[in-house]
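In my numbering, the protein residues as written are 144 to 451.
For glycine and all other residues, C-beta sits at the position ideal for the given N, C-alpha and C.
Computed from a prediction, not measured in an experiment: that's the story for all the values here.
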Amino acid sequence: MSELPQPILAALDGPIAGTVRWAGAISRQLRRFDISVSGKTSGNANTDALTLADLTVQELLVSALRDVDPGFRAYRMEAEESTGDLHLFADNADLTISIDPIDGTKQFRDRTGDGYGVLLHLRNETDVVYSLAYLPEMGEHGTWVHAYGNTIKCGADDPTRPAGEVIASLPAVDPATRPDSKKIYLIGFQSRDPERAQAVTDAGLQGYAPDDMPGSIYPLMATGDFGGSLIHTPNVYDFPLSLHIARILGGDAVRVDTGEPVHFRESWLDDRADMLRLPGIVACAVNRDDLQTLVDVARDWNPIRYAE
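What follows is the structure in structure tokens.
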């Protein structure tokens, strides 16, 4: 697994983490108002939800990455929305910075839970090398998920201390004591999400459609409350965090049609949702036996997202 240059890692764990916390605070405040905007037309409410918070938070994060260390501009940038000086980042590079300014936008917009968050990760063609998620309303002061090297950390924020200091003090997830959950998150199957979740349950696991999720998959998966996910054509902004968590804990993410590990050498533009996606259906799990079960269940499902 690639290691980041020390100045870049220090910036991510310091000022960039601080900016992610500020972005979470902004999203928490904006959530009080009616800030929905149009722009996505896939026909799926979980995909099409878009708010002023998405656009504002992305502007803030892109600006911070632009200014904090010039080394960031030597990397490619993939961000879910169009705001910010995206053109100032490299067109071609070994590493890609990816941002999801508000993951879980539908829940955020509809004020239906605490499972939304600000996400950032860095990846190369085959692996995710750094992940950071901040869930502003999970817990009293928010919750962090941080992954780098062989370590995953997950825990409560403390706004009286710098963000980087809080992250450094969080205990690492211990794979030996982490629960082996059979709960699996399903998304992307359009109107068939509940049906597909039931198929996973019928196979011996516990499938959860988006409307049944108790919160964000990243802290749930890190701490062992969930074991993984099954996603139709996952986007490149949020799914890689699940892949990163699974691989650090000894699992993987694979294409169900081939069984091959997920990579980022190919993607396609979903112009209905205006986002980049990986092809096909992807199974992701910490437990390798559960991963195979997901592959077996979904192997013959239609890999085309918009089957018309």
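Taking the C-beta atoms as reference points, ALA389 is found no nearer than 8 Å to GLY402.
Beta-bridge analysis with DSSP links TRP411 to ARG420. Using a Cβ-Cβ distance cut-off of 8 Å, the region 305-317 and the region 351-360 are not in contact, since fewer than three pairs of beta carbons, one from each stretch, lie closer than that value. Spatial neighbours of THR436 in its own chain (CB-CB distance under 7 Å, excluding positions within 5 residues in sequence) are listed in chain order as ALA346, GLY347, LEU348.
At the C-beta level, PHE251 and ARG174 come within 8 Å of one another. Counting along the chain, no alpha helix (DSSP H) covers MET220; the unbroken beta strand (DSSP E) around it starts and ends at 219-222. Judged by their CB atoms, ARG216 and PHE232 are nearer to each other than the 8 Å cut-off. Straight-line measurement puts the Cα of ARG442 at about 31 Å from the Cα of TYR291. Proximity to PHE332 across ALA342, GLN172, ARG448, ALA196 peaks at ARG448, based on C-alpha coordinates. Here the alpha carbon of ALA196 sits roughly 20 Å from the alpha carbon of ARG415. ARG398: member of the beta strand (DSSP E) spanning 395-398, first to last residue. In the DSSP annotation of this structure, the continuous segment of the beta strand (DSSP E) that includes ALA290 starts and ends at 286-291.
Per DSSP, LEU329 is one residue of the beta strand (DSSP E) stretching across 326-330.
Put simply, of VAL429, VAL271, VAL405 the residue whose alpha carbon is nearest the alpha carbon of GLY423 is VAL405. Annotation: the region 229-262 contains the following complete segments of the beta strand (DSSP E) (minimum length 3 residues), in chain order: 239-246. ASP237 has its alpha-carbon roughly 19 Å from the corresponding atom of VAL205.
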